[in-house]
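The structure appears below as structure tokens.
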Amino acid sequence: MLRLPPFEYHAPKSIAEAVALKAEYGELAMYVAGGTDLFPNMKRQQFTPQNLIGLRKIPELFQLVFDQDGTGLTLGAGVSLNEVAEHPDILKNYPALAKAASLVSAPQLRNMGTIGGNLCLDTRCTYYNQSYQWRKALGFCLKKSGDTCWVARSSPKCLAVSSSDCAPVMVALEAEFCLASPAGEAVKTRIVPASEFYKNDGANFLNKTADELLVSIRLPTYYSGKSGIGWKMNYRKLSRRNAIDFPLLGVATAFRQKDNGDCAEARIVLGAVGSSPLRADEAEKILQDGSLTLERIEDAVQAAAKLAKPLDNTDMTLSYRKKMASRFITEAFNEVLKV
Amino acid sequence: MKEFSAVGKRIPKTDAPDKVTGRATYGQDFKLPGMLHGAIRYSDHAHARILNIDTSKAEALEGVKCVVTADDVPETRFGFYKDNMPLKKDVVRSHRDEIAGVVAVNEMIARQAVKLIKIEYEILPAVFNVADAMAENAPLIQPNRDSNHLITNTYNHGDVEQGEAESDVVVEVTCKLPYVNHASMETCVIVAKFDHSQNLTLWSTTQIPFLLQKDLGAALGMSPKNIRILQPTIGGAFGRELDIYPYHPIAAIMAKKAQVPVRLCFSREEEFRAGPQRQPVEVTIRAGAKNNGDLTFRDVSMTLDVGAYVSWGSTTPMVMMETTASFYRVPHVRFKADCVYTNNLITGAMRGYGNPQSSFYVESAMDMLAEKLGMDPIQFRIQNANQPNTITEQGLKITSCGLEDCLKALAERAETKLEPAAQPHLKRGRGVGGTLNVGGGARIYRSDGCGATVKVDDFGHVSLITGSTEIGQGSETVLAQMVAEILSVPVDDVRVINSDTDVKMWDVGVHASRTTFIAGNAACLAAKEALGQIFETASELLGASPDSLKAENGQIIAPDGKSVSLSKVVRSRHFRSGGQMVFGQAFYDPPTELVDKDSYHGNISPAYGFGMQMADVEVDTETGQVRVLKLICAKDIGRAINPMAVEGQIEGGAQMGLGYALSEEVVIKEGKVMNPNFVDYRLFTSADMPEIENIMIESNDPEGPFGAKGIGEMGSSCVAAAVTNAIYDAVGVRLTQPPMTPERVLAALDTKAAG
Ligand SMILES: Cc1cc2nc3c(=O)[nH]c(=O)nc-3n(C[C@H](O)[C@H](O)[C@H](O)COP(=O)(O)OP(=O)(O)OC[C@H]3O[C@@H](n4cnc5c(N)ncnc54)[C@H](O)[C@@H]3O)c2cc1C
Ligand code: SF4
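First to last, the sequence lines map onto chains A and B. If you're matching positions, the first sequence starts at 16 in my numbering and goes up one per residue. If you're matching positions, the second sequence starts at 67 in my numbering and goes up one per residue.
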């Protein structure tokens with residue numbers, strides 16, 4: 016068995032305490048929520064923190080509050096994926112998010128894993144998610160300790176894949192992330208839109224400093240309206256098995272339809288095809304403000320599929336994943352428009 | 067027939083509660099006072115000359131007790147081609163090669179220290195497939211050999227040319243079967259300890275305690291009589307531990323140098339890297355039939371990449387030839403298998419032992435023939451099915467045989483047609499596949515026997531001391547049921563002791579679906595002897611002749627209705643002048659023979675099991691994804707000693723078989739495993755499992771204990787065949803390479819669409 020290396024565990028009871036600990040231990044410390052991503056990575060020495068700042072005892076991270084005035088939801092970063100998947104109000108108001116959370120891994124991991132951890136999930140690559148000895152024998156790569164990318168040797172940057180199921184949904188729903196960091200004795204906070212939180216660089220994929228703590232996620236309201244008017248949203252995941260597998264392709268969609276059925280607004284975000292969720296602006300433009308004819312949908316699918324430039328660093332062959340993009344996006348559209 | 071009290075009952079495995087609640091002491095949990103921990107340093111290259119090994123930094127690390135290298139041991143070789151050694155000195159031949167080991171106060175430090183060992187290599191050219199390995203001027207992997215070609219196995223009966231001339235239809239298909247891993251929940255563990263007299267005690271997850279004594283003796287240059295092997299609770303093995311692997315002697319070498327007990331426990335990655343895999347095969351089968359549906363011939367040739375060292379994978383052709391020659395009645399058969407060394411992974415035994423591979427190509431060809439003949443695939447198989455009390459051309463003495471009954475049961479189910487799929491891009495299909503498996507061991511060694519002792523104590527408690535090994539298959543429960551049946555005591559009163567080579571009598575190991583049959587027969591014989599002693603004493607107490615007595619519910623009953631309790635009989639026999647204990651002993655070796663070493667003819671098993679499965683699948687023609695909707699398993703099991711345990715074997719086998727069919731593959735690139743973990747190596751999960759229907763055909767084997775035959779392997783062997791035939795039925799493309807992944811299915815569909 017690979018064992019966890021030794022570390023000191025801290026259990027702060029407030030955000031202030033947590034960020035203060037991070038300030039104190041600096042690079043030697045990391046935040047840990049459910050640990051379902053971090054612990055396997057520590058066993059394989061992608062990370063070697065001496066101090067872990069546990070987030071499970073901080074009440075603010077567990078809030079799940081719908082505003083009185085109906086302007087949206089504040090979701091604490093520490094809420095478990097199972098709760099996100101099963102909470103009746105999330106199921107009703109943000110079905111795409113509930114679905115994405117429900118499709119992560121397996122029940123045990125969804126009980127431990129948090130939404131915050133999922134949104135900060137490390138990028139993945141066949142050459143990176145390996146043990147130390149495995150990586151060392153081949154030679155370390157760009158993402159960690161090395162200078163070559165084994166997937167594309169000429170690439171100046173790491174191409175590891177953003178593999179979070181919930182991240183594309185957050186981008187599609189234009190969520191905002193609230194981050195806290197130490198500022199001397201005090202706590203500094205800032206708000207970042209989800210789309211700016213992610214960067215398309217596998218080694219440096221979050222617009223977040225190491226000492227920033229993701230406190231909560233703020234989701235605007237989406238009225239679903241009746242009889243096909245209002246917002247419809249969905250998340251669809253391509254994976255080999257019905258459990259455990261990370262997405263090979265995730266498609267988050269949100270459409271607002273007019274009374275006449277035309278598309279008023281379209282949001283299309285692809286997951287697991289780049290180092291960040293990719294918003295399909297062009298496809299959105301094609302659908303925006305027009306009737307949803309088969310031709311336009313097909314054009315939008317093609318525009319979206321163009322974004323998917325899979326590399327040989329995840330499950331399934333390149334050519335398959337390339338082929339799948341348009342077929343799968345078509346199905347995703349069909350599914351959401353039927354909802 | 068007398069009704070059974072224990073046999074045939076659905077009893078949860080006796081060890082289940084402890085396993086489920088975490089109380090069982092697995093090898094992983096096992097600790098000894100003063101025990102230290104070991105870790106192994108493997109090669110960084112697929113083929114290289116070792117120029118220098120510098121262990122100084124590892125030795126200097128705090129917490130490190132010692133480092134071992136080949137210099138610490140006399141040069142020994144082991145394996146049945148004597149091509150392996152515990153620690154490699156001059157040349158490494160694959161990424162799995164062990165170069166050094168570290169003993170430290172904990173596993174963390176040991177693994178950390180291993181990384182500090184500096185090895186200088188001169189990289190040598192390597193070969194990663196059979197063609198390259200066989201090319202002229204290919205680098206030689208094993209010294210002292212002329213080429214990388216290891217061995218050719220050939221088998222013949224009849225005259226294939228004549229068979230082909232008599233055929234009205236002929237088909238040919240080439241299949242490629244992948245590497246898969248046993249993926250036992252528990253990884254390999256070993257704890258080694260020397261006493262002051264240099265006796266070695268080993269706690270090991272081995273499946274072959276007695277053979278390991280011998281092999282380990284050879285690997286360590288010591289006498290097997292000084293080696294004692296104990297087996298803790300074993301968390302699955304599936305054939306993985308059917309051989310000696312370098313880590314066994316390495317643990318002993320570490321313990322010897324450290325002078326304290328040392329524990330070595332594989333990580334999951336090591337399981338993939340250094341453990342054996344199921345044998346991959348590239349095989350072409352030609353087969354024919356007459357218009358009336360009779361089979362005419364089979365002609366099979368295959369190549370096997372056995373890796374850099376020989377283990378059991380190289381012997382899987384023996385089983386594949388058995389299926390090729392004897393599964394269904396075929397008058398003319400030719401079989402040829404070439405085993406070749408490469409710088410890849412080693413291959414070993416794994417559940418089914420060649421049958422998952424042979425079932426796949428034989429049953430693919432059967433469906434292709436049926437289609438050409440325009441026959442129903444099940445009727446075609448019924449027409450050619452093996453029959454009871456026949457001897458195959460190869461010399462297999464088939465006694466009980468429920469193959470036709472299995473097929474008829476499936477034919478009955480097949481009358482209910484598949485519901486069409488909900489959407490036009492989803493297509494449904496149905497396919498069958500079957501297997502012939504030894505049903506009670508296989509005589510690969512001169513002995514295929516097992517010893518047993520049954521003793522009854524003064525309180526009426528029964529111990530069965532059996533040579534056999536429990537690896538999670540449930541043998542403790544079914545053996546207890548058989549002994550309980552004979553002695554007429556509750557199953558709970560029987561404890562099975564099976565974990566110490568100093569205590570138990572010899573057994574060849576847990577493999578070849580043999581434990582219920584062979585260890586079962588041994589246990590029954592021993593129990594009957596004990597019962598004879600009980601009757602002898604009871605007859606004195608009850609004043610009735612021994613053969614007029616019967617045992618029931620822990621009582622011995624005379625014809626006149628008088629009775630005495632079993633425990634009282636034992637005490638009466640024991641506590642008297644010249645007293646005796648109640649104990650029966652037996653060694654059962656089945657009436658079988660070694661196959662002829664050149665012709666491979668001979669009857670290696672006392673019974674043969676047959677199994678058929680029918681899969682209903684739905685293929686998504688857009689994504690290539692295959693969903694199995696239902697799996698019906700019809701198995702000739704002789705008799706179900708414990709129907710619940712049989713279901714467990716069949717359903718567990720189905721899970722393994724579905725993984726082989728659809729999702730599992732050890733991916734290697736230049737000899738290096740790319741997916742050595744359970745995220746990337748894709749086991750079939752519970753969320754992927756279809757509905758399973760079990761049909762148990764009880765053919766009541768004449769030699770089997772209570773008529774039972776082995777069932778351990780059959781469940782997994784024929785799933786891939788049934789699935790590939792079902793995919794063909796659904797979408798008209800024949801997949802020849804498991805796992806039949808979405809990309810392979812889609813590629814086949816695209817090729818078909820392109821014409
Ligand atoms: C077998 C397996 C299968 C998986 N399958 C999937 C899958 O299908 N889809 C998927 O999306 N994920 C999958 N995961 C990944 C993971 O389980 C989930 O993404 C989970 O939500 C991570 O949450 P966590 O709380 O466990 O994160 P942790 O492991 O605790 O943290 C992950 C990272 O985020 C940081 N972090 C966590 N919380 C915060 C915070 N509040 N502020 C700042 N930084 C923070 C940590 O420092 C760490 O770097 C899988 C994991 C495994 C082991
Ligand atoms: S994409 Fe390249 S640099 Fe990034 S993890 Fe993979 S191999 Fe390393």
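Idealized CB from N, CA, C, for every residue including glycine.
Does any residue of chain B bring its CB to less than 9 Å from the CB of A/Glu313? no
Answer with yes or no whether the minimum CB distance from B/Pro397 to chain A is below 9 Å. no
B/Glu602 by DSSP, collapsed to three states: which one? helix
Can you tell me where the beta strand (DSSP E) holding B/Ser513 begins and where it ends? No beta strand (DSSP E) holds B/Ser513; DSSP gives it neither H nor E.
For B/Met647, count the other beta carbons within 10 Å of its own beta carbon; 16 or more makes it buried, fewer makes it exposed. Which is it? Result: exposed.
Buried or exposed by the 16-neighbour rule on C-beta atoms within 10 Å, applied to B/Ser614: By the 10 Å Cβ count, B/Ser614 comes out exposed.
Alpha carbon of B/Pro205 to alpha carbon of B/Lys155, nearest angstrom: If you take the alpha carbons of B/Pro205 and B/Lys155, they lie about 19 Å apart.
Could you check whether the Cβ of B/Asn741 sits closer than 9 Å to any Cβ belonging to chain D? This model lacks chain D altogether, as its protein chains are A and B.
Write down the C-beta distance between B/Arg509 and B/Ile670 rounded to the nearest angstrom, noting that I regard them as a contact closer than 8 Å. 5 Å
CB-CB under 7 Å to B/Asn766, same chain, minus the five flanking residues each way: which ones, in chain order? Ser466, Gly704, Arg705 and Gly773
Quick one, which of B/Ser333, B/Glu186, B/Glu141 and B/Gln297 has its alpha-carbon nearest B/Met174's? Comparing alpha carbon positions, the residue from B/Ser333, B/Glu186, B/Glu141 and B/Gln297 closest to B/Met174 is B/Ser333.
DSSP puts A/Tyr40 in a beta bridge; with which residues? Answer is none; A/Tyr40 lacks a bridge partner.
Would you decide whether B/Arg447 is buried or exposed? Buried here means 16 or more other CB atoms lie within 10 Å of its CB. buried
Compute the Euclidean distance between the alpha carbons of B/Asp138 and B/Ile185, then round it to the nearest angstrom. Cα to Cα, B/Asp138 sits roughly 17 Å from B/Ile185.
Taking Cβ positions only, does A/Ala44 come closer than 9 Å to chain B? no
Using a 10 Å radius around the Cβ and a threshold of 16 neighbouring Cβ atoms, would you call B/Ala451 buried or exposed? buried
Is the region 259–276 of chain B touching the region 461–478 of chain B, taking contact as three or more C-beta pairs under 8 Å? no
Taking 8 Å as the line, does the beta carbon of A/Ala287 fall inside it for any heavy atom of ligand 2? A/Ala287: no, Cβ never under 8 Å from ligand 2.
Are the Cβ atoms of B/Ile622 and B/Ala604 separated by less than 9 Å? yes
Classify A/Cys156 as helix, strand or coil using the three-state DSSP reduction. strand
Using DSSP bridges, identify the partner residues of B/Gln621. B/Glu618 and B/Ser631
Whole-angstrom C-beta distance between B/Leu530 and B/Val560, which should lie under 8 Å: 6 Å
Classify B/Phe744 as buried or exposed, calling it buried when 16 or more other Cβ atoms lie within 10 Å of its own Cβ. exposed
Have a look at B/Lys818 and B/Tyr726 and give me their C-alpha separation to the nearest angstrom. 24 Å
Pocket of ligand 2 (residues with CB nearer than 6 Å to any heavy atom), chain order: My final list is A/Cys140, A/Tyr142, A/Tyr143, A/Cys156, A/Leu157, A/Lys158, A/Cys164, A/Trp165, A/Val166, A/Cys173, A/Leu174, A/Ala175, A/Gly217 and A/Asn328.
Compare the C-beta of B/Arg748 with all C-beta atoms of chain A and state if any pair is closer than 9 Å. yes
Short-range partners of chain A found in the region 86–107 of chain B, where Cβ spacing is below 8 Å: Gln94
Could you tell me whether any non-hydrogen atom of ligand 1 is closer than 8 Å to the CB of B/Met762? no
On the three-state DSSP scale, how would you describe B/Glu128? coil
Please find out if some non-hydrogen atom of ligand 1 comes closer than 8 Å to the beta-carbon of B/Ser729. no
What are the start and end residues of the alpha helix (DSSP H) that includes B/Arg447? Pro443 to Asn450
Cα separation between B/His103 and B/Cys132? 11 Å
I'd like to know whether the C-beta of A/Asn144 is nearer than 9 Å to at least one C-beta of chain B. yes
Per-residue DSSP class, three states only, for B/Phe260: strand
Taking Cβ-Cβ distances below 7 Å as the criterion, which residues of the region 709–729 of chain B are in contact with chain A? Ser729
Could you give the residue range of the beta strand (DSSP E) that holds A/Gln272? Leu264 to Gln272
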